[in-house]
Every structure is written in structure tokens, then in C-alpha cells.
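Protein chains in written order, with my numbering: chain Z, 621 to 976; chain P, 20 to 270. Beta carbons are placed, not taken as given, at the ideal position from N, Cα and C, and that holds for glycine. Here's the structure, in C-alpha cells; my notes come after.
Following this line, the structure appears as C-alpha cells:
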């Protein structure tokens with residue numbers, strides 16, 4: 621089947637609809653939930669959803685590169701947990717040694733971010749040098765990272781970290797009480813904590829943070845040689861090899877990037893929650909990341925996908941959960957909806973193979 | 020005349036199997052050499068040795084009379100040896116320009132600092148090389164996926180000659196094409212030949228060989244069993260060489 625098979629698809633509207641159906645679906649969902657759920661359509665709710673999706677957005681971006689290259693990375697969820705727990709343990713140790721809080725945070729975060737390159741590097745080397753399928757190689761890391769994280773934290777979230785972490789991670793650029801006062805980067809200290817919900821809080825710190833990361837990644841994918849080669853490897857491994865691209869090296873870089881982004885997610889997680897969380901099995905971060913990427917229009921056979929589309933995929937899943945909950949629908953329907961959406965995404969991919 | 024590309028007693032073994040056994044071939048500028056042989060005769064292995072996919076166990080490869088070390092596809096490309104495989108090895112999800120420049124992308128500075136892909140200039144160059152070969156493709160922005168077999172072949176050929184190939188190796192260039200497109204590709208081969216490129220063609224189609232080739236070399240079980248000037252031989256004699264009964268057609 622090609623895109624001139626259907627008259628509608630030949631039109632500009634048809635094409636852009638089929639190409640960006642996830643975005644249209646997201647809009648449709650926002651409209652419907654605005655009618656069915658009280659307070660769904662509010663800045664507070666939207667800010668909350670996006671803020672809480674910072675981690676899934678990072679993981680979906682990581683998975684986007686891997687999936688475009690024709691692979692899959694199952695380890696990102698547990699690598700994130702391992703990084704969180706490691707950072708928390710390091711912070712505890714640094715605090716105990718009497719280091720100033722600022723240094724504790726910067727040093728621990730820096731060390732674990734560098735360390736987060738290692739799982740991906742190992743994944744990449746195992747996949748390229750030993751020709752282990754990515755599914756298996758990263759599933760190995762899935763187990764290893766999970767085990768290491770649980771060993772490090774002994775099965776409990778790591779607490780006793782600086783209060784500054786969640787204050788920064790959940791802070792907003794602007795705080796205001798209409799007609800009375802306005803302050804930047806934090807609420808005035810005289811304003812009681814108990815009444816913080818009365819404040820207008822606008823633009824969470826996490827928003828420009830995640831937008832900047834996604835923008836850099838989207839740019840690298842679309843405008844840099846790195847991205848072009850990623851598409852080429854996923855589109856045709858032979859073409860990539862024969863045109864002289866060092867495919868092994870590139871694939872190692874992609875898995876390393878993936879695990880680094882999981883590392884950023886792990887560090888962000890500490891800032892968001894104020895504790896070092898290990899990743900639970902039921903979280904299924906990696907599977908939701910894959911689902912988001914596929915809903916965003918990528919193909920598991922590789923060669924297709926976009927960073928912003930994957931972000932739309934994350935938001936589709938997030939607003940689905942949020943909107944259903946606000947509309948009073950029992951939460952397990954969400955899983956059914958996710959399943960249906962996922963299959964629809966793949967069917968669309970198969971029906972219109974020439975879309976990108 | 021001197022060979023542009025030459026192999027001397029080149030050998031490749033896979034375990035106990037000798038896929039290419041002391042084969043010496045050469046091709047001159049503006050000449051088309053056809054490489055013939057039955058399935059498993061070692062043609063493809065020989066081609067992969069020349070294009071750097073495999074490394075030879077023995078023997079040497081010469082370019083312009085000088086020994087060159089070809090240990091990877093990049094070495095071959097750098098030496099001016101371009102190969103078009105039967106499957107073309109195009110990235111179907113990328114457009115024409117991106118394919119022609121794959122692995123050797125043109126970059127420009129955006130806002131004076133960041134180096135980014137220069138897609139407009141790559142598309143322009145793609146158009147130029149397609150014009151030079153008199154190839155028409157509806158839209159350079161369309162992905163390879165949407166092109167016909169002949170158009171894909173044309174893109175693959177354009178990619179090769181854009182990089183000033185001295186030697187062009189084509190593996191079954193007409194195998195997957197319709198009659199009209201076969202003609203076009205053979206015409207392309209003549210155009211390239213006139214532009215002074217040395218061409219090696221692997222083909223099963225005797226018609227193609229007698230249509231465009233100047234010389235032919237026949238392989239059987241890894242060994243070169245014969246070499247003929249095309250105008251001094253006949254399809255019958257060539258078939259005899261391929262299947263191993265030189266007497267076929269002699270009566």
C-alpha cells in the first residue's frame with residue numbers, strides 16, 4: 621500500500637492527520653476530558669501533568685534514539701533507579717563527611733551522571749561486539765541494574781537527603797497571590813506553608829529543563845550527522861555499513877546516550893521526591909517509554925520516529941490517566957486504553973508505511 | 020593500456036573452503052569488464068574483497084599500478100572504488116540527497132557556530148548529478164521507499180559517481196528491473212564508460228554482457244577459468260566456460 625492508494629491521504633489535510641494522529645488524538649482527548657472532568661482544564665492540572673511527566677519524557681527521548689536505530693533498551697527504568705539510589709547514598713556519605721550542602725548535591729549528581737554512561741556503554745559493546753540482540757542485552761542490564769539498586773538501598777528508599785532537593789525540583793519561577801504580592805523563584809518566607817495552595821504558582825523549573833533537553837535531542841536527531849546516521853542504521857544496516865559509517869561505534873553511542881538520559885531522569889527523580897527511589901517492577905517505565913515512542917509514530921523495525929512526537933506520545937498516555945481519573949473512571953480502564961492505543965499505532969504504521 | 024584496478028593472486032578462505040583462489044583480474048579506464056560464473060563461483064566474494072567488506076588472506080590489490088591496503092569499506096571508497104550491490108544498500112527511509120551523501124554529509128554553520136546538515140546544498144548536488152546522467156526523479160524530497168526499481172538503481176549509480184569513482188562495481192544491476200528500465204540502466208553504464216570510469220559488472224544476463232561489456236572473466240569454484248574479449252567470443256562459448264564444459268558450442 622502506498623499513500624496514493626487513498627484519495628483522502630493524498631490531500632494535505634489527510635497526510636498531516638495521518639502523520640500526526642497522536643497529536644490530534646491528544647487535542648481531542650483534552651477537549652473531551654475538559655467536558656467530562658471538573659478542573660481538568662486548568663493551568664494547575666496541566667502544569668502538574670507535565671511536571672510529573674519529566675521522567676517519562678526523558679526516558680521516551682532515550683528510547684526514541686534506540687528505536688529509530690532499530691533496537692530497544694529495556695534497562696532504562698532500572699538504570700534510572702540505580703542512579704537515584706547511588707546518588708542518594710553518595711549524598712548521605714558526603715553529608716556525613718561534613719561537606720557543604722551545595723557541594724554535596726553538585727558532586728553526587730555529577731558523579732552519578734558520569735557513572736550513568738557505564739550501563740549503556742556495556743549494553744552497546746555487548747550488542748555490537750558479541751552480536752547479542754538488543755532485547756536480550758538490555759534485559760540483562762535490566763536485571764543487573766535492578767539488583768544493584770536493591771543491594772545498595774537494601775530494599776528501602778534512601779532518605780535523609782538535603783531539603784534543598786525537593787525545593788528546587790518542585791519549585792516554580794513565579795509565585796503570586798493575586799492583588800497582594802508576587803515573587804520569583806520561591807514563595808516569600810513569611811507566607812505560611814499551609815496556605816501554599818492558595819498561591820498562583822506558574823512555570824515549574826522542570827518545564828524549561830525538559831524543554832531544553834528535548835530541544836537539544838530533537839536538534840541532534842534532525843540536523844546533525846549523528847541523527848542522520850541513526851536513521852540510516854535503522855533504515856538499512858547494510859546501507860549504513862557500506863557508506864562507511866562506523867555502525868558499531870554509533871550504536872554504542874546510542875545506547876550510552878540512552879542510559880545517560882536515564883541517569884538524568886534518576887537525578888531529577890531525587891530532586892522531585894527528595895529521596896533515592898529504587899525502581900519497582902510495577903512501574904514498567906521502559907515499557908511505557910516504548911509505548912509512548914510507538915504511539916508517537918516510530919516503528920519498532922527502526923528508521924522512523926521523532927523526539928517531539930515521542931513527547932506527544934508521553935502526553936497522550938499521561939492525559940489519558942489524568943483525564944480518566946478526574947472524570948471518575950476506575951484506574952484499570954487506563955491499561956485497556958493504553959493497550960488499544962498501542963495496537964492502533966502499529967496498525968496505522970502498517971497501513972501507511974510511507975509516512976514519516 | 021594500464022589497469023586502473025587490478026587484483027594479483029588474491030585468495031579468500033572461509034574455514035576449509037577457498038572461496039576465491041589466486042584470482043587475477045584487471046580493468047582499464049573507460050572499459051567494462053563483465054564477471055561471470057554460476058552461483059557460488061566466488062564472484063560476490065571477489066567483489067567484496069575489492070570493496071573492503073572482506074580482507075584477502077593472500078594476494079594484493081593495485082590501484083594505478085600501486086599496491087593499496089583495503090581493510091574496510093572506507094578504505095575502498097577512499098581509493099575511488101564504489102560498489103553497487105544487488106540490494107542497492109540504500110536507506111529507504113531517507114531521501115535522494117541524504118542517500119547520495121550518506122556517511123559523507125555536507126555540513127554548514129548555522130548562526131555562525133553550530134555545524135548542521137546542509138540538506139539544501141546536498142539536494143542541489145543530487146539534482147546536478149542526476150541531470151548529468153539524464154535521470155529524472157519526480158521529487159528529490161521523496162524517500163527511496165516511494166521510488167521504482169530503476170529509479171533506485173539510478174540513485175545508487177548517482178551516489179557512486181558523485182564521489183568521482185575511478186572504479187565502479189555493479190552487482191546484477193538489471194536483475195530486479197523491467198525491460199524498459201533494464202535498457203535505461205545499460206544506457207547509464209555506457210554513459211559512465213564514456214566518462215572514463217572503469218566498470219566491473221556481475222551479471223547472469225548474457226544479453227547485458229554482450230550489450231555493454233568489452234571483456235569478460237569467468238569464474239568457477241573460486242578460480243578464474245577464462246578471460247575473453249567480448250567481440251571475439253560467443254554466448255555459447257561463455258556458457259561453456261561457466262558450466263565447465265568448454266566443448267559446448269564448439270561444433
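As a quick exercise: from Z:727, Z:705, Z:702, Z:703, pick the residue whose alpha carbon is nearest that of residue 714 of chain Z.
Minimum Cα distance to residue 714 of chain Z is reached at Z:727.
Unbroken alpha helix (DSSP H) runs of length 4 or more, entirely within the segment 714-741 of chain Z: which are they?
Qualifying alpha helix (DSSP H) stretches, in chain order: 721-735.
Between which two residues does the beta strand (DSSP E) carrying residue 928 of chain Z extend?
No beta strand (DSSP E) holds residue 928 of chain Z; the alpha helix (DSSP H) holding it covers 927-946.
In the DSSP assignment, what residue or residues form a beta bridge with residue 126 of chain P?
According to DSSP, which records beta bridges pairwise, residue 126 of chain P is partnered with P:136.
By the criterion of Cβ-Cβ separation under 8 Å, what are the contact partners of residue 106 of chain P in chain Z?
The answer, in chain order, is 858.
Rounded to whole angstroms, what is the Cα-Cα separation between residue 660 of chain Z and residue 675 of chain Z?
Their backbone Cα atoms lie some 22 Å apart in a straight line.
Less than 8 Å between CB atoms is the rule here; does residue 625 of chain Z satisfy it with respect to chain P?
With a pLDDT of 45 at residue 625 of chain Z, under the threshold of 50, the predicted position of this residue should be treated as unreliable, and no value is reported.
Going by C-alpha to C-alpha distance, which of P:183, P:64, P:185 sits closest to residue 243 of chain P?
Checking every option, the nearest Cα to that of residue 243 of chain P belongs to P:64.
With a cut-off of 8 Å, does the C-beta of residue 929 of chain Z fall near any C-beta of chain P?
False, the Cβ-Cβ gap to chain P never drops below 8 Å.
Can you name the start and end residues of the beta strand (DSSP E) that residue 33 of chain P belongs to?
First-last of the beta strand (DSSP E) with residue 33 of chain P: 22-33.
Where do the ends of the beta strand (DSSP E) carrying residue 235 of chain P lie?
Note, residue 235 of chain P: beta strand (DSSP E), 234-239.
Could you tell me which residues DSSP puts in a beta bridge with residue 797 of chain Z?
Paired residues: Z:801.
So, for residue 95 of chain P: in the same chain, excluding its five sequence neighbours on each side, which residues have a beta-carbon less than 6 Å away from its beta-carbon?
So the list reads 70, 71, 89, once near-sequence residues are dropped.
Closest by CA to residue 933 of chain Z, which one among Z:894, Z:695, Z:641, Z:708?
Of Z:894, Z:695, Z:641, Z:708, the residue nearest in Cα terms is Z:641.
Going along chain P in order, which residues have a C-beta closer than 9 Å to the C-beta of residue 851 of chain Z?
Those within 9 Å of residue 851 of chain Z in chain P are 110, 112, 113, 117.
What does residue 227 of chain P pair with, by DSSP beta-bridge criteria?
None; residue 227 of chain P has no bridge partner.
Would you call residue 248 of chain P buried or exposed, if buried means 16 or more other Cβ atoms sit within 10 Å of its Cβ?
That one is exposed.
Could you have a look at residue 191 of chain P and say whether DSSP puts it in helix, strand or coil?
Three-state DSSP puts residue 191 of chain P in coil, outside helix and strand.
Nearest to residue 843 of chain Z by alpha carbon, out of P:21, P:125, P:83?
It is P:125 whose Cα lies nearest to the Cα of residue 843 of chain Z.
With a threshold of 8 Å between beta-carbons, can residue 157 of chain P be considered close to chain Z, or not?
Judged by the 8 Å Cβ criterion, residue 157 of chain P is not in contact with chain Z.
Roughly how many whole angstroms lie between the Cα atoms of residue 17 of chain P and residue 177 of chain P?
Any property of residue 17 of chain P remains undetermined from this structure, which presents chain P solely from 20 to 270.
For the alpha helix (DSSP H) that residue 679 of chain Z lies in, which residues bound it at each end?
Residues 674-688.
Buried or exposed: which applies to residue 762 of chain Z, given that a residue is buried once 16 or more other Cβ atoms fall within 10 Å of its Cβ?
Residue 762 of chain Z is buried by the Cβ-count criterion.
Would you say the segment 887-899 of chain Z touches the segment 701-718 of chain Z, given that touching needs at least three Cβ pairs under 8 Å?
They touch, by the three-pair rule.
So residue 851 of chain Z and residue 696 of chain Z are in contact, right, with Cβ under 8 Å, and what is the actual spacing, rounded?
Incorrect: roughly 21 Å between the Cβ atoms, too far for contact.
Check whether the Cβ of residue 44 of chain P lies closer than 8 Å to any Cβ atom in chain Z.
No - not a single Cβ of chain Z is within 8 Å of the one on residue 44 of chain P.
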